[in-house]
Amino acid sequence: MSGRKRTAVLISGRGSNMAALVKAAQDPDFPAEIALVLSNRADAAGLDFAREHGIETLVLSHRDFADRIAFDAALDANLRIAGIEIICLAGFMRLLTPWLVERWRDRMINVHPSLLPSFKGLDTHARALGAGVRVHGCTVHFVRAEMDEGPIILQAAVPVRGDDTPDALAARVLEQEHVIYPKGLALLASGRLKVENERTVVEGERPPRDVLVVPRV
Ligand code: GAR
Numbered sequence: 056m057s058g059r060k061r062t063a064v065l066i067s068g069r070g071s072n073m074a075a076l077v078k079a080a081q082d083p084d085f086p087a088e089i090a091l092v093l094s095n096r097a098d099a100a101g102l103d104f105a106r107e108h109g110i111e112t113l114v115l116s117h118r119d120f121a122d123r124i125a126f127d128a129a130l131d132a133n134l135r136i137a138g139i140e141i142i143c144l145a146g147f148m149r150l151l152t153p154w155l156v157e158r159w160r161d162r163m164i165n166v167h168p169s170l171l172p173s174f175k176g177l178d179t180h181a182r183a184l185g186a187g188v189r190v191h192g193c194t195v196h197f198v199r200a201e202m203d204e205g206p207i208i209l210q211a212a213v214p215v216r217g218d219d220t221p222d223a224l225a226a227r228v229l230e231q232e233h234v235i236y237p238k239g240l241a242l243l244a245s246g247r248l249k250v251e252n253e254r255t256v257v258e259g260e261r262p263p264r265d266v267l268v269v270p271r272v
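Numbers 56 to 272, taken from the working numbering, label the letters of the sequence shown in order.
Pasting the structure below:
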């Protein structure tokens with residue numbers, strides 16, 4: 056397929072969501088190609104996966120820059136040199152400056168391990184268990200300057216079990232992250248998303264039919 060959108064995936068660690076995007080993009084009909092995997096840490100485990108799959112990688116250590124602005128300017132320059140059209144944040148543990156976020160407005164997406172706007176930030180699974188929620192999940196959203204904010208593109212919900220540990224719940228959620236992140240990228244890359252009044256409109260979206268009630272009684 057021609058005209059696939061050149062996409063960069065930004066990681067800081069394990070990179071399992073990046074791997075899910077790479078695998079999805081191996082389908083020639085997928086509307087995005089993963090053209091670059093960029094990490095702010097040289098020891099990010101995900102870099103090996105990307106190299107093994109023949110994807111260009113780049114390490115840009117934030118420690119080499121005087122401040123956030125300088126780091127983000129270098130990030131932006133490298134993305135442009137690589138001809139990148141879409142950015143996917145995938146466990147990229149850096150706060151981005153409003154300047155960078157605005158430059159990539161509606162072309163930069165993120166996956167977060169909660170049903171936003173609940174549980175922004177870190178340790179989402181432990182906090183969900185602490186709050187006693189019956190349903191937890193993950194969100195793919197456009198990136199805005201405030202952390203874990205931005206128009207929601209897709210969400211997946213999973214049940215919380217009585218005997219869940221944060222790790223068990225995280226694993227159940229992560230499986231769904233790997234499902235919805237490629238779907239979110241495909242929607243964006245194929246031009247099916249619009250943002251109106253800071254809400255995402257999905258072209259051709261079918262209305263949901265089911266209601267999820269937990270516990271089932
Ligand atoms: C994922 O669970 C992702 O949702 C989360 O970091 C993990 C990265 O795992 N991101 C955030 O919390 C962003 N606020 P991965 O490196 O295996 O994809």
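Note that CB positions come from ideal geometry on N, CA and C, so glycine has one too.
Please classify residue i: does DSSP put it in a helix, a strand, or coil?
i, result
"residue 148", "coil"
"residue 73", "helix"
"residue 254", "strand"
"residue 56", "Confidence in residue 56 is poor, its pLDDT being 46 and thus under 50, which makes the residue's placement too unreliable to answer from."
"residue 78", "helix"
"residue 139", "coil"
"residue 260", "coil"
"residue 134", "helix"
"residue 171", "coil"
"residue 248", "strand"
"residue 158", "helix"
"residue 239", "helix"
"residue 270", "coil"
"residue 220", "coil"
"residue 178", "coil"
"residue 100", "coil"
"residue 204", "coil"
"residue 265", "coil"
"residue 188", "coil"
"residue 108", "coil"
"residue 153", "helix"
Bridge partners for residue i per DSSP, in chain order?
i, result
"residue 211", "193"
"residue 94", "66 and 114"
"residue 124", "DSSP lists no partner for residue 124."
"residue 166", "195"
"residue 88", "61"
Would you mind giving the Cβ-Cβ distance between residue i and residue j, rounded to the nearest angstrom? I have them listed as a contact below 8 Å.
i, j, result
"residue 63", "residue 128", "About 16 Å separates the two Cβ atoms, so there is no contact after all."
"residue 72", "residue 232", "6 Å"
"residue 131", "residue 158", "6 Å"
"residue 105", "residue 68", "Actually they do not touch by this definition, with Cβ atoms about 13 Å apart."
"residue 171", "residue 191", "That belief does not hold up - the Cβ atoms of residue 171 and residue 191 are roughly 12 Å apart, past 8 Å."
"residue 189", "residue 215", "6 Å"
"residue 145", "residue 76", "7 Å"
"residue 111", "residue 90", "7 Å"
Relative to the alpha-carbon of residue i, which residue among the options has its alpha-carbon at the smallest distance?
i, options, result
"residue 184", "152, 221 and 261", "221"
"residue 179", "228, 157 and 101", "228"
"residue 147", "108, 246 and 97", "97"
"residue 143", "250, 70 and 106", "70"
"residue 60", "140, 211 and 207", "140"
"residue 93", "263, 224, 74 and 248", "74"
"residue 113", "154, 186 and 66", "66"
"residue 116", "263, 244, 133 and 226", "133"
"residue 256", "207, 266 and 166", "207"
"residue 167", "85, 245, 211 and 246", "211"
"residue 204", "182, 230 and 173", "173"
"residue 253", "80, 109 and 199", "199"
"residue 261", "247, 118 and 268", "247"
"residue 273", "249, 234 and 245", "No answer is possible for residue 273: it lies beyond the span of the chain, which begins at 56 and ends at 272."
"residue 259", "217, 84, 224 and 245", "245"
"residue 135", "119, 155, 151 and 118", "155"
For residue i and chain C, any beta-carbon pair shorter than 8 Å?
i, result
"residue 79", "Absent from the structure: chain C. Only one protein chain is present."
The segment 117–128 in contact with the segment 159–167 per 3-pair CB rule at 8 Å: They do not touch, by the three-pair rule.
Are the segment 194–213 and the segment 233–243 touching, with three or more C-beta to C-beta distances below 8 Å? Touching, yes.
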